[in-house]
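Residue numbers (our numbering): 11 to 950.
Below you'll find the structure, written out as structure tokens, and then a few comments.
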């Protein structure tokens with residue numbers, strides 16, 4: 011029996027159109043193949059790279075084995091039973107990513123080469139698998155298709171590579187799942203390794219081998235001309251391959267700063283579609299979308315208006331934005347749609363990808379409130395599932411990191427089904443409250459029969475979610491972080507052939523879990539998938555057959571079984587595709603169904619406390635088992651269960667704000683939420699919320715300058731909110747106490763010497779138990795005391811013996827802030843007497859230190875008054891004490907008994923070492939003029 015059904019679910023979810031639901035989710039499986047594309051950090055910011063695989067199990071159990079079939083490496087992991095979410099981050103880099111960290115052009119030289127880096131992921135039961143690539147300031151992820159969903163034909167899409175530092179490339183890779191796989195590749199444009207655009211070539215790969223192809227380098231002038239979008243990949247002989255596409259690093263749009271990697275598994279052309287609903291991301295002002303055509307003459311319409319006609323493999327780009335007035339618009343205005351969701355339809359199947367934009371792409375329209383938040387998010391890409399495919403239930407997870415803590419899911423479903431959608435957290439095997447309600451959905455302007463919701467998920471947690479919807483849905487998950495983001499499709503079902511029985515579609519080889527009654531008509535339909543069914547032959551499994559023809563198609567009809575039992579139905583389907591016309595050979599679809607006697611039908615029903623259940627003309631409000639007799643001798647034995655309503659109280663403490671059940675709270679208080687519990691019954695939660703106001707300060711990038719003559723330094727800051735606790739300044743391994751003074755932090759000058767400081771202000775936040783750090787940069791200038799006015803027209807610098815021990819290598823004298831030409835010695839001689847309104851300073855250089863000015867000195871026509879300055883006065887054993895004078899002096903240090911300890915002759919800036927014993931000392935300075943000063947020195 012041949013199989014012709016391929017069901018897949020990206021990430022873990024699916025779409026809804028006017029078509030029936032599919033019976034299974036296809037991205038769940040037991041075997042997967044994973045390969046990584048080439049990536050890099052923007053501007054090579056650091057070399058940290060992180061590659062990992064995530065696995066989700068809705069049963070929260072099982073084993074996962076990851077192996078490299080060529081190197082022989084493998085390791086087995088257990089699914090955590092509490093959450094069902096497994097992150098695998100210890101895969102050796104050499105078995106999954108052969109390029110290491112380094113110059114991007116070296117990575118691009120991998121183009122045209124093969125590597126032994128394909129990984130096989132095997133599971134003990136059906137699970138979903140995702141892969142992620144992360145660098146410093148770069149991140150993206152993809153769902154991984156199971157082997158059962160892989161095919162032989164793919165067409166590549168990426169975002170045109172753009173950069174201004176010689177590091178922008180797009181790329182894709184092909185992973186073989188079987189030995190001796192011949193792959194024919196036709197690049198859309200000439201590649202980095204000079205494979206000519208439009209010219210096919212063939213490579214042969216063994217199981218686990220990965221072949222890489224990179225674009226040429228993208229710049230402002232040639233990004234689209236080197237793009238690999240539209241490149242075709244075909245595995246000969248029907249062998250299955252996995253293809254991954256994306257960008258090493260690019261800007262989205264191309265002229266917007268903030269680059270990132272793009273990484274997404276390519277989808278087989280068998281699963282492309284003609285109808286889509288696209289949605290804009292939360293906290294972004296715009297999203298870009300790109301459509302790649304399979305056939306010539308593909309007409310593209312948005313919200314019912316034709317916008318483009320594409321040739322085969324051609325790509326068209328458009329935008330959803332909050333305004334047409336974006337800060338760096340690169341598209342014609344007719345390709346920019348001011349809405350959060352749009353309906354896209356095409357005349358032939360296409361691939362459609364959603365691209366999150368860089369964090370500097372913002373609205374410049376003052377009349378439109380921007381949704382942009384800080385520096386959140388960078389480019390990422392995800393497949394958009396067509397409306398022709400949908401499933402009704404899936405389990406998925408998010409990828410939480412230290413930078414990406416905010417996550418969202420965008421859901422699209424038929425408007426009539428919004429009341430059936432449930433989104434619940436899964437924790438320790440328990441389901442939480444429904445996170446989405448009908449009021450969260452908004453009708454799609456171009457397709458009112460569909461609605462969309464953009465739902466925030468739990469912040470800063472690797473949470474698992476189950477999404478259900480009886481009418482079907484599609485969705486994608488994304489996360490916005492500090493200069494990074496990720497996105498991946500949460501689900502899509504892709505089916506070529508099947509049989510619709512009632513309102514459900516069954517794939518080839520499936521045994522239906524629905525029972526049917528003898529004597530009752532069963533509706534069967536072979537028109538499944540996007541191909542055109544011409545007619546069908548049927549073997550009903552009870553000895554009767556129905557032959558179809560172009561005149562009597564027998565595609566859909568009602569059939570009645572007169573005897574109970576199991577029946578193997580075979581539909582031989584004759585079909586063709588429409589774009590362009592191509593006839594398929596006949597294909598068989600085999601389904602087993604169970605027909606039972608009416609008096610053996612059993613039904614289980616559930617209602618909530620206080621509700622009424624009506625069945626067979628009777629009403630029930632209590633749990634009950636009963637037998638109902640209908641006309642035609644039909645009998646139903648049913649079991650009715652009644653679920654209880656629940657009330658609960660929740661106490662939460664949060665910093666600044668709290669997001670709870672779809673609402674952001676900023677104030678403490680008591681709140682009430684009404685929803686449903688895990689049983690689906692009414693539930694009320696009473697929230698007792700306490701909001702902590704955390705300290706928030708800001709500092710400037712300005713470099714401050716302070717004079718060594720000053721008694722203190724004052725570092726300004728911007729107050730935003732919160733309570734200021736104790737503060738200190740940290741530089742190197744030293745800390746200095748700070749006092750707050752009307753918007754500035756003040757420190758005593760005694761803790762500093764002339765130098766350039768890159769320091770951190772550390773402020774304690776006692777409310778939120780954290781320390782706020784503010785970077786600050788400042789210079790301490792040399793004190794003016796190292797300059798001596800000798801006469802009315804001469805200024806000179808003291809030498810190292812009298813200036814504090816500094817030996818200078820170069821000098822430049824300044825007058826009133828302007829350099830004095832030729833004044834580059836240790837003294838300055840003016841032709842005229844100094845004016846008391848002029849200020850003089852010197853820019854000094856010394857080996858191993860920054861160039862620094864002296865404090866300004868105001869010279870005069872007469873000699874200056876005496877100066878005595880001593881600091882610090884509170885010192886530790888052996889610490890230097892600076893003495894500044896402007897004339898000859900003698901400094902004598904006495905202990906508390908009046909015994910002389912040490913003495914020096916000094917002029918200008920000098921230093922004396924504190925005694926080696928703690929205690930109180932007196933430092934007496936006697937100038938040659940007879941003036942003297944006594945200072946108390948405390949040694950700790």
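All C-beta atoms, glycine included, are put in the ideal place defined by N, C-alpha and C.
Practice task
Starting from the Cα of residue 905, find the closest Cα among 947, 341, 866, 894 and give me that residue.
Solution key: 947
Exercise for the section: Out of 722, 298, 106, 183, state which residue places its alpha-carbon closest to the alpha-carbon of residue 350. Expected result: 298
Problem - residue 823, DSSP secondary structure in three states - result: strand
Exercise for the section: Go to residue 769, then tell me how far its beta strand (DSSP E) extends in each direction, as first and last residue. Expected result: 765–775
Problem - Residue ranges of each beta strand (DSSP E) within the segment 142–198, 3 or longer - result: 148–154, 163–165, 180–186, 191–196
Problem - Min CB distance residue 302 to chain C below 8 Å - result: Among the chains of the structure shown, chain C does not appear; only one protein chain is present.
Problem - Three-way DSSP call (helix, strand, coil) for residue 760 in this model - result: helix
Exercise for the section: Please specify which runs of the beta strand (DSSP E), each continuous and at least 3 residues long, are wholly inside the segment 788–870, giving them in chain order. Expected result: 797–801, 804–807, 820–825, 837–839, 849–855
Problem - Within 8 Å, strictly: CB atoms of residue 221 and residue 258 - result: no
Handout entry: Helix, strand or coil at residue 262 according to DSSP, with G and I counted as helix
Key = coil
Exercise for the section: Find the nearest neighbour of residue 288 within the set 371, 683, 395, 828, judged by alpha-carbon distance. Expected result: 395
Problem - Beta-carbon spacing of residue 150, residue 244 below 8 Å - result: no
Handout entry: the segment 416–427 / the segment 445–459 touching (three or more Cβ pairs under 8 Å)
Key = yes
Problem - Three-way DSSP call (helix, strand, coil) for residue 947 in this model - result: strand
Exercise for the section: Report the partner residues of residue 651 according to the DSSP bridge assignment. Expected result: 616
Handout entry: Residue range of the unbroken alpha helix (DSSP H) whose run includes residue 234
Key = 233–236
Practice task
Find the nearest neighbour of residue 411 within the set 375, 147, 403, judged by alpha-carbon distance.
Solution key: 147
Exercise for the section: Kindly list the residues whose CB is nearer than 8 Å to the CB of residue 579, restricted to its own chain and excluding five residues on each side of it in sequence; keep chain order. Expected result: 509, 534, 548, 549, 550, 551, 600, 601, 602, 603
Handout entry: Start-to-end residues for the alpha helix (DSSP H) that takes in residue 530
Key = Neither: residue 530 is in no alpha helix (DSSP H) and is coded neither H nor E.
Practice task
State the start and end residues of the unbroken beta strand (DSSP E) segment that holds residue 285.
Solution key: 283–289
Problem - When 910, 475, 400, 909 are compared against residue 436, the one with the closest alpha-carbon - result: 475
Handout entry: Host beta strand (DSSP E) of residue 599 (start-end)
Key = 597–606
Exercise for the section: Note down, in chain order, each residue of its chain lying with its Cβ closer than 6 Å to the Cβ of residue 270, except the 5 sequence neighbours on either side. Expected result: 148, 388, 389
Handout entry: Sequence-distant residues of the same chain with beta carbon closer than 6 Å to residue 566, five excluded per side
Key = 535
Problem - Collapsed DSSP secondary structure at residue 104 in the structure displayed - result: helix
Handout entry: Cutoff 6 Å; reference residue 737; Cβ partners in own chain excluding five residues on either side
Key = 748, 755, 773
Practice task
Go ahead and pull the three-state DSSP assignment for residue 747.
Solution key: strand
Practice task
Measure the C-alpha to C-alpha separation of residue 159 and residue 37 and round it to an integer number of angstroms.
Solution key: 7 Å
Handout entry: Residue environment, residue 713, which counts as buried when at least 16 other CB atoms sit within 10 Å
Key = exposed
Practice task
Could you say which of 581, 911, 919 lies nearest to residue 537 if we only look at CA atoms?
Solution key: 581
Handout entry: With 16 other Cβ atoms within 10 Å as the buried cut-off, status of residue 460
Key = buried
Exercise for the section: Check whether the Cβ atoms of residue 739 and residue 728 sit closer than 8 Å, and answer yes or no. Expected result: no
Problem - Pair within 8 Å by beta-carbon distance, residue 105 and residue 81 - result: yes
Handout entry: Beta-carbon spacing of residue 541, residue 585 below 8 Å
Key = yes
Problem - Entirely enclosed beta strand (DSSP E) segments - the segment 482–510, minimum 3 residues - result: 494–501
Problem - For residue 883 and residue 864, the rounded distance between their alpha carbons - result: 23 Å
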